[in-house]
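Engineer:
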Amino acid sequence: MRGFRIAKKQYLEDLSGEGSRLYGGRWNKKGMAMLYFSDSLSTSLLEVLVHLDFKYLSNDFGYMEVEIPDTLVNKSLKIKDLNSDWRDNPPKSSTINLGNNFLKENKKLALKVPCAILPIANNILVNPKHKDIGKLKIIKISDLDIDSRLLDSTKL
Numbered sequence: 053m054r055g056f057r058i059a060k061k062q063y064l065e066d067l068s069g070e071g072s073r074l075y076g077g078r079w080n081k082k083g084m085a086m087l088y089f090s091d092s093l094s095t096s097l098l099e100v101l102v103h104l105d106f107k108y109l110s111n112d113f114g115y116m117e118v119e120i121p122d123t124l125v126n127k128s129l130k131i132k133d134l135n136s137d138w139r140d141n142p143p144k145s146s147t148i149n150l151g152n153n154f155l156k157e158n159k160k161l162a163l164k165v166p167c168a169i170l171p172i173a174n175n176i177l178v179n180p181k182h183k184d185i186g187k188l189k190i191i192k193i194s195d196l197d198i199d200s201r202l203l204d205s206t207k208l
C-alpha cells in the first residue's frame, strides 16, 4: 500500500509520530504517537490545507511517499463501522478511542481509515512503535510543488 505525507522539510523524515504525540489528532489522543499518511498526494494536501492557512504553505514543505507491505495493514475501517460523529470537529472520543486501541493492541503496523474531509478517500494510520516500522519503505522524498493560484490568498 502506498502512503503520502506532507510536512515541513525539517520534519519530513521524522517517523517518530512526535507531532501527533504532542497535539493529538482525530485518531489519537495527546501522549500517543501516531503517523498520519493519506492514500494519495492530493488527499494529503487536503489534510494539510484544512489545518493550515494557505499563505503558510510555502517552499518550506515537502512530501514523502512510502510503501507499506499489505500484510502489515490491519483491516480497513469502513464508514459503516464508525459512529455518526466520526467527522465532527473537534474530533470526538469515538475516533480517538479507535486509534488509541489500534496503537495499544500493536498487532499491525498500519490501519486504513476513511478521510473525514473527503470520505471516499482514505488515510493510513501508522504505529511508529510497532516492531515492523523498519519495513515501511520510503519511496520518494520531494519538494511540494503547488500551483501558485491555489496559494493566492487574495482570491479567498
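Residue numbering for the sequence shown is 53 to 208, as defined by the working numbering.
Note that CB positions come from ideal geometry on N, CA and C, so glycine has one too.
1. Check whether the Cβ atoms of methionine 86 and asparagine 158 sit closer than 9 angstroms, and answer yes or no.
2. Taking only three categories from DSSP, how would you classify valine 100?
3. Taking the alpha carbon of aspartate 197 as the point to measure from, which residue in Lys132, Tyr115, Ser90 and Arg57 has its own alpha carbon closest?
4. Work out the CA separation of lysine 156 and leucine 98 for me, nearest whole Å.
5. In the DSSP output, which residue or residues are listed as bridge partners for leucine 87?
6. My guess is that lysine 60 and aspartate 105 are in contact by the Cβ rule of under 8 angstroms, so how many angstroms apart are they, rounded?
7. State the Cα-Cα distance for the pair valine 125 and arginine 139, rounded to the nearest angstrom.
8. Is lysine 192 helix, strand or coil when you go by DSSP?
9. With three or more beta-carbon pairs closer than 8 angstroms as the criterion, would you say the segment 127–137 touches the segment 185–199?
10. For glycine 58, which beta-bridge partners are listed by DSSP?
11. How close, in whole Å, do the beta carbons of lysine 81 and asparagine 152 come, if the pair is a contact with beta carbons under 8 angstroms?
12. Taking the beta carbon of tyrosine 108 as the centre, do at least 16 other beta carbons fall within 10 Å, making it buried, or is it exposed?
13. Which of the three DSSP states, helix, strand or coil, is assigned to methionine 163?
Structural biologist: The answer reads as follows:
1. no
2. helix
3. Tyr115
4. 28 angstroms
5. Val178
6. Rounded, the Cβ-Cβ distance is 14 angstroms, inconsistent with contact.
7. 22 angstroms
8. strand
9. no
10. Note that residue 58 corresponds to isoleucine in the displayed sequence, not to glycine. Isoleucine 58 pairs with Tyr115.
11. 6 angstroms
12. exposed
13. It should be noted that the sequence gives leucine, not methionine, for residue 163. Correct three-state label for leucine 163: strand.
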